[in-house]
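Heads up: the sequence shown is residues 28 to 313, going by this note's numbering.
Every residue, glycine too, gets a C-beta built ideally from N, C-alpha and C.
On a predicted model such as this, the values are computed, not experimentally measured, just so you know.
The structure under discussion appears below in the form of structure tokens.
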Amino acid sequence: MGKPPEGITMKTAGPYRGVEDPISGIFNLAEEVSSRSETLLFYSHFALIFTLFALFFVFILIFAVKNIFFRMVLVAIFIMGIISLLLISSLRGFLKDFAYRYSAIKAMREGPPAVAVPTGKNMTDRFLAYLKENNRAFRRLLKKTPEVLRKDAYIKGGSGKRYHYDAFILLKPPLLSRLLKRGEGYALFIKELKHIPRGEDIERILNELNDIYRAHGVLPARVSIIFRAPPSYRGIPEDLYRTLVDEGVYLPGRRGKRLNFQVVAELEDGTYEFIPVIPDLPNILP
């Protein structure tokens, strides 16, 4: 083996620290980026508002200015502003997706959480207390606009039928998001069952949600089916478990968007069993 050039030293023994545990290193880097995503989302929100107002004033100036040259310059600025608006919106979507994916991977790495069932007069109140405790965005939403949460209420579908849910939230996206086709709104549905869920229960609920989607145009962000596990509980049916965890749940005829569909069991030992686990992010509604 040749001698290295003068002035250059080579490490001949011992592993490099950077590759001692590459998997942990990757997770640490991802966690650092994820911790900054909340701040970036906050700043990008103001950038979106600033760009929108700037576009509004430029649009007015286009019709107010008489000089053809300046009008063409303003039109070019307006077009660049529209592109910037789309790019900022895409960036926000990317940051949200990254944070969600990292949280899901982290939850799998750490194993299923053992979550104690909070106190409450019924299963719905207890589950809502759990969401408020673990999700900062959900807590802020209910503190600012508590009226958006409907409990023990009915919601009308596209067919005219009314469907009962123990709790739900349905928020349509703002006008700008609808125009840019970047916002999907937010919808949360919670339903209690008196028995262990079966395949026909899930099929019935999906048909209801599809009818509600046709009426309001907002896909469910989360659907949670809650039941009290009996003493003899050994898990939900295997075919239902495979559907929820492996195959995924979709609205009828809408295979492009997988739903966060979850079965939640209150176990005898006072803890929750989530199938599947849906990670809660600090700045994203559950």
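Within 10 angstroms of its Cβ, does residue i collect 16 or more other Cβ (buried), or is it exposed?
i	result
T298	exposed
P258	exposed
T151	buried
A126	buried
V272	exposed
F80	exposed
I239	buried
F90	exposed
Y181	exposed
P279	exposed
A364	Residue 364 lies beyond the range of the chain shown here (28 to 313); nothing can be said about it.
Between residue i and residue j, what straight-line distance do the alpha-carbon atoms span, to the nearest angstrom?
i	j	result
I253	L122	31 Å
V189	R285	Before going on, a small fix: residue 189 reads as Arg here, not Val. Going by the C-alpha atoms only, they are around 24 Å apart.
G185	G283	20 Å
L101	P313	42 Å
P264	A141	21 Å
S71	S111	11 Å
V304	H243	27 Å
T36	R63	A caution first: T36 carries a pLDDT of 48, below 50, which makes its placement in the model unreliable, though a value can still be read off. So the alpha carbons of these two residues sit roughly 37 Å apart.
L68	A74	10 Å
N162	K93	53 Å
I311	P200	15 Å
N287	A248	6 Å
F84	F96	18 Å
S116	G187	35 Å
K148	L294	16 Å
K221	I109	51 Å
I145	E300	The sequence shown places Pro at residue 145, not Ile. Approximately 13 Å, taken between the alpha carbons.
A164	Y157	13 Å
G262	G226	14 Å
Which stretch, first to last residue, makes up the beta strand (DSSP E) that contains residue i?
i	result
K93	No beta strand (DSSP E) contains K93, which DSSP labels as neither H nor E.
I217	213 to 220
Y277	276 to 278
R9	Since the first residue shown for the chain is 28 and the last is 313, residue 9 is missing from the structure and cannot be characterised.
E286	The question names Glu, yet the displayed sequence has Leu at residue 286. Per DSSP, L286 belongs to the beta strand (DSSP E) from 281 to 286.
I182	177 to 183
R189	189 to 198
Return the residue from the list the options that minimises the CA-CA distance to residue i.
i	options	result
D179	A74, I89, I196	I196
D193	G120, V250, V304, E265	V250
E219	A256, G212, K199, L246	A256
P224	L267, S116, A164	L267
L316	A91, E300, L82	With the chain running from 28 to 313 in the structure shown, residue 316 is simply not present.
E401	T270, M99, L176, F301	Limits of the chain in this structure are 28 at one end and 313 at the other, which puts residue 401 out of reach.
Q289	K93, E274, G187, I302	I302
T172	V245, I182, I95, L198	L198
R306	R177, L236, R128	First, the residue type needs correcting, since residue 306 is Pro and not Arg in the sequence shown. Among R177, L236, R128, the Cα nearest to that of P306 is on R128.
F216	D228, K170, H191	H191
Since I believe residue j is in contact with residue i (beta carbons under 8 Å), could you give me their beta-carbon distance rounded to a whole number of angstroms?
i	j	result
R321	K159	This structure leaves residue 321 out entirely; the chain is present only between 28 and 313.
L233	V276	7 Å
F105	F77	At roughly 15 Å, the Cβ-Cβ gap does not stay under 8 Å, so F105 and F77 are not in contact.
V245	G212	4 Å
Ends of the alpha helix (DSSP H) at residue i?
i	result
E160	150 to 161
Y299	First-last for Y299: 299 to 302, but that is the beta strand (DSSP E), not the alpha helix (DSSP H).
Y260	Careful: Y260 lies outside any alpha helix (DSSP H) and carries neither H nor E.
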